[in-house]
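Numbered according to my numbering, the sequence shown spans residues 20 to 388.
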Amino acid sequence: MENQRNLPTEIVSDILSRLPVKSLCRFMCVSKPWLSLITHPDFVKLHYNRAFEKEGILHQRRRVLIDVPGSNSLFSFGIDEFLKRNDHGGDAEVEESDIDCVYCHEELDSGVMLVVPCNGLLFFTVSNLDLYLLNPATRESKQLPGPEGFGMDGCSYHLFGFGFDHSADDYKVVYGRCFDDGVDFGVYMLKTGSWRVIEERYPYKRAVTDDSKGILVNGGFHWLSRRVGDQSMMIMAFLLAEEEVREIEPPPDFTESDLIYFSLGAFRECLCVSQWILQDAGNHEFWVMKDYGVSESWTKIKLSIVMLDSGNILPAPYRTKSHDMLFAKWISDFYLYNFDDHTFRTVSITLFQEFRDAEVYLESLVPLN
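Set out below in structure tokens:
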């Protein structure tokens, strides 16, 4: 009878790995054995990978994160569930009831400045440059220590990146300081809880039209930058495993002006540079580096979206079989864009007048330690 009542651990793990994080957080309270099972690293990995094996589970856990300018909170909504309810093919509006607040800073004037997702975790900074990690599914969060001896005197801009280094089997936060004569970096390792300051200053400066968030492609963080000497434009890459800096040539005829704004992003796991030309009736286009590191592979794509009052339109890491998600900075719209016929549908979030950034993440059990 005892064997009939108790399922093998492997079967229990398989069943639980298909459930949402919210349910598993409740099940942790059932018993100590269940708590031990659900928090075990092997189960956390099994649960996360299950989303890539089953489309239904992926759709259950995939969410869009919204960064609202000046807000001390972070918001998200289930994108696949929303589109399933609004499958008519036309424009749609995300209602307030669709949106969850996944984080709220205790200080009202500490606005979230930048958010970077990785494996269900979010790294973000607030207006005073305090650094945080958050699991938005479990609501676990913690403040990270700042790098010792990494002062801000003379620093004009900051650069940030967050990702998983498979060679070290560890999460890393990359923190860059921009000065008149170049940029230097510190790297935080989550396992050890310690910083390593790289004793070299690289002769680059951040391009003023782009933001501080590094774009993770091909194992490195990327920022639009200028060479200190001749002020020429380039893309600076910080390699996560090697902790070294490399140059990547930008698209051809790549110049900044008061009427042209650029932002760096990722399109289908390729580097992408979005271009917004004010004098061209608000038309948008972007360049995609189809072969990483090969400057001849930059390919221009012109969008059929005409938007005068937005910032750059950038790809978000979300695709359906026929559409890619794009978002427009400084307004409150997403676009599901078909790159075969250049048709699109608009997804509006009227709860917010604008948002600064949008990311896509998977709900996971990944802990902060």
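Every residue gets a Cβ at the ideal spot worked out from N, C-alpha and C, and that includes glycine. All values derive from a computational prediction rather than experimental measurement.
- If you compare the alpha carbons of Ile234, Asn237 and Phe198 with that of Arg220, the shortest gap goes to Phe198.
- C-alpha of Arg215 to C-alpha of Asp149: approximately 18 Å in a straight line.
- Membership of Val49 in any beta strand (DSSP E) is not indicated, and neither H nor E is assigned to it by DSSP.
- Taking the CA atoms as reference points, Val247 sits about 31 Å from Arg287.
- Straight-line spacing of the CA atoms in Leu283 and Leu65 works out to 33 Å.
- Scanning the region 131-189 from its first residue to its last, the whole beta strand (DSSP E) runs of 3-plus residues come out as 131-137, 140-145, 150-154, 159-163 and 176-184.
- Around the Cβ of Asp200, a 10 Å sphere holds fewer than 16 other Cβ atoms; the residue is exposed.
- Judged by beta-carbon spacing, Phe371 lies beyond the 8 Å limit of Ser341, meaning their Cβ atoms are not closer than that value.
- Contact between Pro136 and Leu84 holds, since their C-beta atoms are separated by about 7 Å, short of 8 Å.
- In the three-state reduction of the DSSP assignment, Gln372 falls in the coil class.
- Distance from the CA of Leu102 to the CA of Gly173, rounded to the nearest whole angstrom, comes to 47 Å.
- In the DSSP secondary-structure assignment, Lys319 is bridged to Trp306.
- In the three-state reduction of the DSSP assignment, His241 falls in the strand class, which pools E and B.
- In this structure, Asn237 lies away from Tyr354, with their beta-carbon atoms at least 8 Å apart.
- Within its own chain, the residues whose Cβ lies closer than 6 Å to the Cβ of Thr318, once the five positions on either side in sequence are excluded, are Val307 and Lys309, listed in chain order.
- If the five residues before and after Arg375 are omitted, its C-beta is found closer than 6 Å to the C-beta atoms of Asp86 and Pro88, all from its own chain and listed in chain order.
- The C-alpha of Phe62 lies about 13 Å from the C-alpha of Pro39.
- For the set Leu209, Trp53 and Val385, the Cα lying nearest the Cα of Leu26 is the one of Trp53.
- A direct Cα-to-Cα measurement between Thr157 and Tyr280 gives close to 37 Å.
- Excluding sequence positions up to five before and after Pro222, its CB lies within less than 6 Å of the CB of Gly201 and Val247, all in the same chain and listed in chain order.
- If you draw a straight line from the Cα of Val379 to the Cα of Glu115, it is about 19 Å long.
- For the pair Gly180 and Val193, the CB atoms are nearer than the 8 Å cut-off.
- For Asp119, the enclosing beta strand (DSSP E) starts and ends at Asp119 to Cys123.
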